[in-house]
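Okay, so the sequence shown: first residue is 5 according to this note's numbering, each after it adds one. Okay, so here's the structure we're looking at.
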Amino acid sequence: MNRCSSKIYAMPFSCQPRFSVVIPALNEASYLATTLASLSCQDFSGDYEVIVVDNNSTDNTAYIAEAHGVRVVSEPRPGICQARQTGTENSRGEIVVSTDADTTFPTSWLSGIDKAFSADPSCVAVAGSCRFSNAPWWGTIYSSVLFSAVYFIALVTGRVLYVTATNFSFKKTAWGGYDTRLTQGGDELDLLRRLRRRGKVIFLRDNPTMTSARRLQRGLFYNLFVTFFYYYALAYLLNRLFRRTLMHTAPAFRTERKSPRAYLKIWPGAYGAGMWGICILLAIFATPIGRDLAEGFEATFTVLRRDLFLPV
Numbered sequence: 005m006n007r008c009s010s011k012i013y014a015m016p017f018s019c020q021p022r023f024s025v026v027i028p029a030l031n032e033a034s035y036l037a038t039t040l041a042s043l044s045c046q047d048f049s050g051d052y053e054v055i056v057v058d059n060n061s062t063d064n065t066a067y068i069a070e071a072h073g074v075r076v077v078s079e080p081r082p083g084i085c086q087a088r089q090t091g092t093e094n095s096r097g098e099i100v101v102s103t104d105a106d107t108t109f110p111t112s113w114l115s116g117i118d119k120a121f122s123a124d125p126s127c128v129a130v131a132g133s134c135r136f137s138n139a140p141w142w143g144t145i146y147s148s149v150l151f152s153a154v155y156f157i158a159l160v161t162g163r164v165l166y167v168t169a170t171n172f173s174f175k176k177t178a179w180g181g182y183d184t185r186l187t188q189g190g191d192e193l194d195l196l197r198r199l200r201r202r203g204k205v206i207f208l209r210d211n212p213t214m215t216s217a218r219r220l221q222r223g224l225f226y227n228l229f230v231t232f233f234y235y236y237a238l239a240y241l242l243n244r245l246f247r248r249t250l251m252h253t254a255p256a257f258r259t260e261r262k263s264p265r266a267y268l269k270i271w272p273g274a275y276g277a278g279m280w281g282i283c284i285l286l287a288i289f290a291t292p293i294g295r296d297l298a299e300g301f302e303a304t305f306t307v308l309r310r311d312l313f314l315p316v
């Protein structure tokens with residue numbers, strides 16, 4: 005792997021790299037070059053490959069990937085889980101690193117992941133945080149609070165409750181495949197749930213990725229109630245419970261900004277959306293996923309109360 009150059013040179017197929025960085029991409033020509041340039045500057049001394057999964061792009065995504073010397077795999081079937089599945093199936097690395105096409109990385113990113121895996125043989129996955137570039141004030145607070153909470157709970161209980169697919173690595177031997185029937189959460193919560201059964205999952209607080217804030221362009225209210233509660237939480241729960249796709253993924257954030265009504269046909273107004281959020285929260289905590297979250301919080305508070313010499 006050529007360090008910090010305009011190209012990432014492909015490895016001979018006879019080699020098994022330490023890492024396979026898998027990047028799903030759908031019409032990411034505007035961002036992909038920056039992502040690949042960032043990956044070429046890693047200070048990791050071992051071998052790693054980069055795989056871009058072209059998920060039926062209509063722009064120059066595949067051309068840009070090829071120009072940087074990375075492996076390009078075509079996947080015409082839509083869906084982020086399907087793209088990650090195809091990329092991981094085609095990977096040769098001992099460890100698969102999941103990220104996104106609009107993301108940049110510190111130069112020590114892969115080295116930090118490698119150190120975490122090497123320090124604990126029982127570790128099957130390493131998760132990290134992500135930050136938003138050029139984010140609104142609430143986006144910065146959101147990511148800081150979310151991943152600080154994940155880190156704190158993991159520190160106290162040893163249990164990682166959430167991961168982001170833009171900064172998640174796992175041993176390929178422990179993988180077991182993505183559930184491609186899932187839309188939202190299939191490459192995060194569902195995979196995390198299964199990996200935890202096979203070994204230890206570590207959360208690295210100080211090894212973040214920097215991802216585009218375009219995910220937040222529709223505003224705080226839309227991202228909280230529509231994107232997270234409706235498209236992420238409810239879709240994931242229903243698709244898991246019924247083992248079929250009942251809800252489709254959220255509208256692509258690559259499209260021009262529109263009002264929430266343009267994206268959600270059943271949008272019932274502000275008060276209705278609030279009720280949707282409350283109902284979904286109740287639904288979450290009535291499922292095994294919710295009980296998993298509740299157990300994590302309960303374990304955290306039990307440890308805190310014990311350390312503070314309060315009755316447990």
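Backbone N, C-alpha and C define an ideal beta-carbon position, used for all residues, glycine too. Quick caveat: nothing in here was measured; it's all calculated off a predicted structure.
Residues bridged to residue i [DSSP beta-bridge criterion]
i      : result
Ala129 : Phe174, Val205
Ser137 : Ser216
Val100 : Ser24, Phe174
Thr320 : In the structure as shown, the chain starts at 5 and stops at 316, and residue 320 therefore has no counterpart that could be examined.
Where the alpha helix (DSSP H) containing residue i begins and where it ends
i      : result
Asp118 : 113 to 123
Ser317 : Shown here, the chain extends from 5 to 316; a query on residue 317 therefore has no answer.
Arg81  : Taken as a continuous stretch (DSSP letters only), Arg81 belongs to no alpha helix (DSSP H), as it is neither H nor E.
Glu70  : 65 to 71
Leu186 : Looking at the DSSP string, Leu186 is not in any alpha helix (DSSP H), and its letter there is neither H nor E.
Contact under 8 Å by Cβ, residue i with residue j
i      : j      : result
Val74  : Leu114 : no
Ala217 : Phe136 : yes
Ala66  : Val76  : yes
Val26  : Ile68  : no
Pro28  : Gly97  : no
Tyr24  : Glu53  : Just to set this straight, residue 24 is Ser in the shown sequence, not Tyr. Contact flag set, yes.
Pro212 : Ser126 : no
Arg22  : Asp51  : yes
Ser95  : Val130 : no
Ser42  : Phe151 : no
Inter-residue Cα distance where the pair is residue i and residue j
i      : j      : result
Gln89  : Leu196 : 15 Å
Asn60  : Val128 : 31 Å
Pro82  : Glu32  : 15 Å
Arg198 : Lys204 : 11 Å
Trp142 : Val149 : 10 Å
Gly116 : Asp194 : 24 Å
Ser34  : Ile157 : 37 Å
Cys19  : Ser49  : 15 Å
Val57  : Thr161 : 36 Å
Asp183 : Thr111 : 32 Å
Ser93  : Leu186 : It should be pointed out that residue 93 corresponds to Glu in this sequence rather than to Ser. Each residue's alpha carbon lies about 18 Å from the other.
Glu3   : Val167 : With the chain running from 5 to 316 in the structure shown, residue 3 is simply not present.
Start and end residues, beta strand (DSSP E) containing residue i
i     : result
Ser24 : 23 to 29
Asp58 : 52 to 58
CB contact below 8 Å: residue i versus chain D
i     : result
Pro21 : Absence of chain D from the displayed structure is noted, only one protein chain being present.
Inset, instruction - Evaluate the contact criterion for the region 92 to 102 versus the region 205 to 214: three or more CB pairs, one atom per stretch, below 8 Å. - result: With contact defined as three or more Cβ pairs closer than 8 Å, the region 92 to 102 and the region 205 to 214 are not in contact.
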